[in-house]
Amino acid sequence: MANLKMKLPDAALLTSIFLSSTVNPFAKRESHSKNTVITYKILTILSWLLAIVVSFYYTFNSPDDGVWHRRKIWRQNDHYHTAFRMNHIIASIYWIVLFILQGGYIAHLFSGNVENVNAACAVGSHFILNNLFHFAFVMLFVRSLFGWAELIIILNFINLSSLYFRHNAYPRFIHIPVVSGPLAWTFVGIYWNGAIMVPNPETLVARIFGNIFIWSILVYGLFFIIIYKDYTMGFNLSVLSAAIGVSQFFVQVIALQWIFAFTIMAVLFVATVVIAVPATTGKTQSADAERAPLLPDN
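Read left to right, the sequence shown gives residues 1 to 298 (my numbering).
Right under this line is the structure:
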């Protein structure tokens with residue numbers, strides 16, 4: 001029995017090791033062991049497939065279990081005429097393209113280029129967690145558990161924000177599908193689900209608050225465009241703003257929300273082009289290049 005007892009210093013040492021970069025899956029590393037790469041390959045593929053399957057399944061099917069109203073993803077969206085209701089065609093295209101790009105990211109885990117593999121592994125833990133959060137959100141959303149769904153999407157926003165601010169200088173094949181694409185959706189998704197979650201989301205008061213909060217999409221997008229020269233965030237948010245604008249236009253023509261949404265879309269798109277053209281043609285100045293996550297040589 002004496003051999004089974006752990007002394008206090010030993011326990012403290014194990015805690016220290018657990019919190020160190022050798023164990024912490026979210027620690028920033030320059031290289032990864034063979035076993036670590038294999039683990040990332042397996043978990044990344046499984047979590048990505050899980051996110052895809054649950055998304056496609058509940059796009060065409062309603063859940064059979066649950067206490068509250070059970071609807072398909074876009075039936076939930078269409079059922080509540082909130083200020084952040086989206087056009088399901090534009091939003092679906094956004095996710096299909098994002099899933100395809102994520103497949104390209106996963107392919108780099110099997111690359112013969114060690115730098116590409118290490119870069120893909122560096123964001124792997126956050127990507128896996130994002131997929132698990134996405135799975136949980138969809139499962140809750142289609143069962144009308146909007147409060148719990150809001151908690152999950154906020155936690156994922158924290159996860160992806162941490163990923164962005166710690167890993168914003170990786171190549172495009174990582175940054176777009178793993179970082180900026182999911183982060184843009186998650187930010188807008190907080191309002192999308194949150195608008196459904198609040199009582200009486202279709203009232204005048206709720207729409208007035210929607211008229212105010214929608215401008216945060218513009219502020220959020222301009223923050224990344226100006227500070228980080230990240231035109232992908234600007235483009236992603238402009239697409240999602242278009243999804244809101246189109247939906248709001250067909251719901252209520254005589255209203256402000258669709259005008260605001262299209263204005264935000266236009267401003268973000270123009271700002272995106274202003275930043276993207278110099279970056280893609282190699283004319284980005286060196287001072288800005290140090291802050292920009294997306295450069296031609298990436």
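Glycine included, each C-beta is placed from N, C-alpha and C at the ideal position.
Going by C-alpha positions, histidine 69 is about 6 Å away from arginine 143. Inter-residue distance for tyrosine 40 and phenylalanine 99 is about 18 Å (C-alpha atoms, whole angstroms).
In this structure, the alpha-carbon of tyrosine 231 lies about 26 Å from that of threonine 44. With respect to histidine 167, valine 123 sits close: the two C-beta atoms are nearer than 8 Å. When rounded, the separation of the alpha-carbon atoms in asparagine 131 and isoleucine 176 is 15 Å. Serine 238 is positioned such that its CB atom lies no closer than 8 Å to that of methionine 86.
With a threshold of 16 other beta carbon atoms within 10 Å, glutamate 150 meets it and is buried. In the displayed model, glycine 181 falls within a helix according to three-state DSSP.
Cα atoms of alanine 195 and asparagine 211: separation of roughly 12 Å, rounded to the nearest angstrom. Around the CB of glycine 181, 16 or more other CB atoms lie within 10 Å, so the residue is classed as buried.
Rounded to the nearest angstrom, the Cβ distance from alanine 83 to isoleucine 214 is 7 Å, consistent with a contact under 8 Å. DSSP places serine 238 inside the alpha helix (DSSP H), whose first and last residues are 231-251.
Judged by DSSP in its simplified three-state form, arginine 207 adopts helix. For the pair of segments examined, the segment 259-270 was found to touch the segment 215-231: the number of CB pairs separated by less than 8 Å reaches three.
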